[in-house]
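In terms of our numbering, the sequence shown opens at residue 132 and continues consecutively. This report concerns only the one structure given below.
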Amino acid sequence: MTNDSESHDSESQRATDLGDEAEEAVTVPRSRIPELLHAAVEAVGGVERPGQVRMAEAVADAVEHAEHLLVQAGTGTGKSLAYLVPALAHGDRVVVATATLALQRQLVERDLPRTVEALHPVLRRRPLYAMLKGRSNYLCLHRANEGTPSDEGEGLFDPVDALGGPTGKLGQEVLRLRDWAEETETGDRDDMSPGVSDKAWAQLSVSSKECLGATRCAYGQECFAEKARERAKLADVVVTNHAMLAIDAIEGAPVLPEHGLLIVDEAHELVNRVTGAATAELTVGAVNRAVKRAARLANEKAVDQLQAAAENYHGLMETAQPGRVEELPEYLAYAVTAIRDAARQVITSLGETRDKGLSDEDAVRKQAMASAETLHETAERLLEDSEYDVVWIERSDRYGLGTASLRVAPLSVSGLLREGLYKERSVVLTSATLKLGGDFNGVAGSVGLPKETRLPDQRTPGDNPEPGFGEDAVPHWRGIDVGSPFKYPKQGILYVAKHLADPGRDPERPDMLDELEELIGAAGGRTLGLFSSMRGAQAAAEAMRERLDHRILLQGEDTLGELIREFASDATTCLFGTLSLWQGVDVPGSACQLVVMDRIPFPRPDDPLMSARQKDVEQHGGNGFMAVAATHAALLMAQGAGRLVRAADDRGVVAVLDPRVETKRYGGFFRSSMPEFWYTTDRNQVRRSLAAIDASAPPVRPVVKRG
């Protein structure tokens with residue numbers, strides 16, 4: 132355990148230690164929010180920003196008037212404190228849901244401890260906080276001590292032996308996990324350093340369906356996941372992730388404690404994360420695993436029925452062609468029906484063995500039951516043929532060479548969010564990129580807030596709607612942009628290479644590679660290359676390695692964290708990659724002075740879900756291209772452009788090597804979605820600017836390789 136993690140856990144544990152000794156929560160008047168914010172900013176060693184004050188006051192207003200709020204807060208605003216201070220001042224429990232582990236750790240290990248101490252004199256108490264994740268993120272002590280249910284139908288087995296023995300890589304990882312189980316206080320996978328592979332972790336963790344339950348498990352009193360839930364129940368601030376929020380709000384499974392305020396940070400990611408949580412798949416591997424897991428405890432007839440259904444499905448998926456399935460063909464519907472019915476028979480059979488009291492086999496039964504129930508639910512959903520779902524066939528190496536799977540996802544999550552997110556409490560959604568094309572309505576609509584219920588950005592006397600929540604409450608919301616402390620027109624240039632040919636489907640673009648070579652040369656390295664496909668990134672890396680002396684790092688050739696560390700430490704280095712580099716990379720200073728986007732990152736034309744959503748918008752009279760494809764691309768480009776300026780003295784160029792941003796009608800939508808950099812299409816001007824920035828940049832200490 133790190134000291135930070137120990138600090139987090141001990142602070143969370145105060146809920147148990149203090150109990151009733153903590154004073155009753157005090158609601159601090161809104162007029163004192165600036166004063167409290169000032170104290171919190173000083174406590175973390177930051178600098179107060181006008182936008183930060185405005186955001187904090189807007190959050191307090193939203194809570195007071197039972198409204199919802201969208202806040203665009205640019206990089207450097209200090210939005211974490213801007214929502215934590217009014218949340219703590221309100222006195223009710225708050226849940227903060229984020230998309231990334233980095234922000235969760237920042238909140239729990241830095242922002243919250245210091246803010247709590249700073250506000251203590253006014254609040255007359257120290258609010259408690261805790262982090263809560265899904266059960267599979269915590270190590271399972273039952274599996275660590277008793278073994279893992281075997282997929283070969285032989286009950287519990289030692290995962291070390293199954294994974295190649297104690298000398299094999301996976302076996303060593305499992306042994307290290309067991310040792311870690313004896314010393315960790317949280318059991319949280321993210322607290323383990325160095326970490327282990329997904330396969331090793333899967334041996335010693337369980338899903339919520341596989342869990343025996345605290346009352347039936349011999350380790351229930353020590354369970355890491357249960358302890359985390361208990362801490363969350365006692366905490367004033369619960370930090371969680373978007374996936375947990377989706378389960379709580381959409382699936383009707385209350386996994387979060389009751390709370391009076393929900394803050395969704397990194398809200399630009401919410402739709403994707405909720406879509407992912409609401410997506411199901413029927414894979415050949417999953418059906419085969421269910422057969423093996425049921426073999427020991429279910430009756431032979433039920434297992435044989437599922438085995439036959441699995442073999443039939445496997446044969447069909449071997450030749451299935453990828454793409455959207457608007458209606459399951461008869462032969463495929465028959466195969467899915469067979470799986471559903473066989474899974475139901477297995478579930479019934481497993482329930483009968485439970486009634487016989489075979490308690491020593493609970494872990495085996497729970498794993499088998501979880502697999503069968505998941506199969507049944509997914510098959511049932513596929514057969515429903517709901518107009519609100521999209522079904523498609525996907526081929527992936529994950530499922531074995533030559534084998535495809537069926538996937539099903541919601542056509543839209545806006546309705547799900549509107550029904551599940553806004554009826555019980557005020558919701559604040561914030562990000563650096565919520566205004567696309569200069570307007571909030573697109574993002575607001577995607578998260579379930581219709582433009583018809585939008586209130587004026589600025590509150591005025593007499594505009595207060597009837598406050599309150601409940602089934603019939605109207606989700607009134609406001610949208611505000613508090614700006615950024617950075618002077619974007621003076622710190623950055625947005626350059627569009629208008630002279631290049633429009634990119635086609637072929638990743639080979641000789642003119643683009645020539646342009647990239649010249650730009651990197653003018654910048655002296657210092658380049659983050661953002662590509663719309665891995666093929667494009669690989670082709671560009673190969674070409675630049677042949678043409679330039681600069682070191683070119685490529686995503687996938689090392690861990691992302693190590694690549695970013697090396698990029699940040701060596702000013703002559705360039706880093707090329709795809710989707711995960713467009714968001715979340717934080718490299719302030721002279722190591723990153725040129726951000727290149729090879730093309731507008733439109734979704735693939737054959738993407739079943741995106742194309743279905745686009746078609747649905749068009750059928751309802753809207754512009755499907757702008758509402759879906761362009762919005763998706765604009766969000767990524769806004770995030771990508773945000774990689775350039777991360778500090779007050781950063782300077783550089785965002786270069787878009789796709790002339791359509793200048794030449795097409797929709798180009799203005801993309802330009803207005805990005806920071807307000809100085810704009811140009813003059814290639815010579817950009818080269819001179821890059822050379823001048825490079826000449827004035829301070830040296831960066833190169834990476835020193837050890838060992």
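Cβ coordinates follow ideal geometry from the N, Cα and C atoms, glycine included. For clarity, every value in this text was computed on a predicted model and none was experimentally measured.
Since I believe residue j is in contact with residue i (beta carbons under 8 Å), could you give me their beta-carbon distance rounded to a whole number of angstroms?
i	j	result
W713	G771	4 Å
P734	M741	4 Å
V172	A220	That pair is no contact at about 14 Å.
V845	V578	Any question about residue 845 goes unanswered here, given that the chain covers just 132 to 838.
A540	V521	5 Å
L691	C705	So it is not a contact: roughly 15 Å between Cβ atoms.
L301	S324	Actually they are not in contact, since the Cβ atoms of L301 and S324 sit about 19 Å apart, beyond 8 Å.
A722	R657	6 Å
A380	L548	7 Å
K364	P385	Not a contact, Cβ separation roughly 11 Å.
Going by CA-CA distance only, name the one from the options that's closest to residue i.
i	options	result
P453	P790, D737, R360 and E483	D737
G601	A363, G576 and E550	E550
D612	L537, A174, G182 and A466	G182
K497	G344, G752, I524 and V522	G344
G773	T505, N372, T564 and A380	T564
L243	G351, A193 and A174	A174
V477	T505, P616 and G755	T505
I470	N443, G482 and T450	N443
L428	V386, Y465, E382 and T479	T479
P616	V178, E166, H169 and D520	V178
M643	A654, D689, L254 and A671	A671
T414	R526, V184, A187 and D645	R526
P739	I524, Q589 and V239	I524
G326	V574, R307 and V226	R307
Q589	L168, R404 and V190	V190
E518	L580, E458, N572 and H681	E458
I164	A204, G205 and G222	G222
D516	L215, L775, V247 and V456	V456
K795	A363, P806, V605 and A761	A761
R814	K746, Q686, L661 and H630	H630
K423	V247, P280, T812 and M757	P280
M757	V726, V787, R180 and S804	S804
Can you give me the Cβ contacts of residue i inside the same chain, cut-off strictly under 6 Å, excluding the 5 residues immediately before and after it?
i	result
V434	A425 and A426
T133	Residue placement at T133 is poorly supported in this model, since its pLDDT is 38, which falls under 50; the coordinates are not used for a value here.
R837	Note that R837 scores a pLDDT of 33, beneath 50, so its modelled location is shaky and nothing firm can be said.
D717	R777
A421	S502, A503 and L506
G351	A345
R730	P634, S663 and D789
Y260	L243, A366 and V368
A218	V225 and L392
T840	What the structure shows of the chain is the stretch from 132 to 838, and residue 840 is not part of that stretch, so it cannot be assessed.
P806	Y619 and A772
V370	V227, Q235, L238, V239 and M262
For residue i, which residues from the same chain have a beta carbon less than 7 Å from its beta carbon, with the 5 sequence-adjacent residues on both sides left out?
i	result
L463	L447
R744	L542, S543 and V759
R640	P634
F808	Y619, P620, G623, I624, L625 and V785
N419	A441
L489	In this prediction, L489 scores a pLDDT of 42, lower than 50, which makes its location untrustworthy; the coordinate-derived value is nonetheless stated afterwards. Excluding positions up to five away in sequence, the list is empty.
S545	G576, S577, V578 and G579
S437	Before going further, note that residue 437 is Leu rather than Ser in the sequence given. Counting only Cβ-Cβ distances below 7 Å, and skipping sequence neighbours, we find A421, V422, A425, A473, A474 and V477.
Excluding the 5 residues preceding and the 5 following residue i in the sequence, name in chain order all residues of the same chain whose CB lies nearer than 8 Å to its CB.
i	result
A823	none
A117	A question about residue 117 goes unanswered here, because the residues of the chain that appear run from 132 up to 838.
Between residue i and chain C, is there a C-beta pair that is closer than 8 Å?
i	result
T591	Chain labels in this structure do not include chain C; a single protein chain is all it has.
Taking only heavy atoms of the ligand HEM into account, decide whether any of them is closer than 7 Å to the Cβ of residue i.
i	result
T346	Looking at this structure, you won't find the ligand HEM or any other ligand, since it has none at all.
Three CB pairs or more closer than 8 Å across the stretch 221–234 and the stretch 331–350 = Flag = no, the stretch 221–234 and the stretch 331–350 do not touch.
Check your understanding: At a cut of 8 Å, does the stretch 798–809 reach the stretch 758–774 through at least three beta carbon pairs?
Key -> yes
* To do: Determine, using beta-carbon pairs with one atom in the stretch 209–216 and one in the stretch 776–785, whether at least three such pairs fall under 8 Å.
  => no
Stretch-stretch touch, CB-based, cutoff 8 Å, three pairs: the stretch 310–317 with the stretch 267–283: yes
TODO: Please determine if the stretch 643–659 and the stretch 815–822 are in contact, where contact requires at least 3 C-beta pairs separated by less than 8 Å.
DONE: yes
_So within the stretch 710–780, which uninterrupted beta strand (DSSP E) runs reach at least 3 residues, ignoring any that extend past its ends?_
Correct list: 725–728.
Checklist line | Ordered list of alpha helix (DSSP H) runs contained in the stretch 375–424, each at least 4 residues | finding: 401–408
With three or more beta-carbon pairs closer than 8 Å as the criterion, would you say the stretch 373–392 touches the stretch 251–266? yes
Margin query: I'd like the ranges of any beta strand (DSSP E) spanning at least 3 consecutive residues and lying wholly in the stretch 634–710.
Written below: 658–661, 683–685 and 705–708
| query | Taking only runs of the beta strand (DSSP E) that begin and end inside the stretch 176–205, which ones reach a length of at least 3 residues, in chain order? | reply | Taken in chain order, the complete beta strand (DSSP E) segments of 3 residues or longer contained in the stretch 176–205 are 199–204.
**Item:** Any alpha helix (DSSP H) of 4 or more consecutive residues that is wholly inside the stretch 228–281
**Value:** 232–237, 243–254 and 272–277
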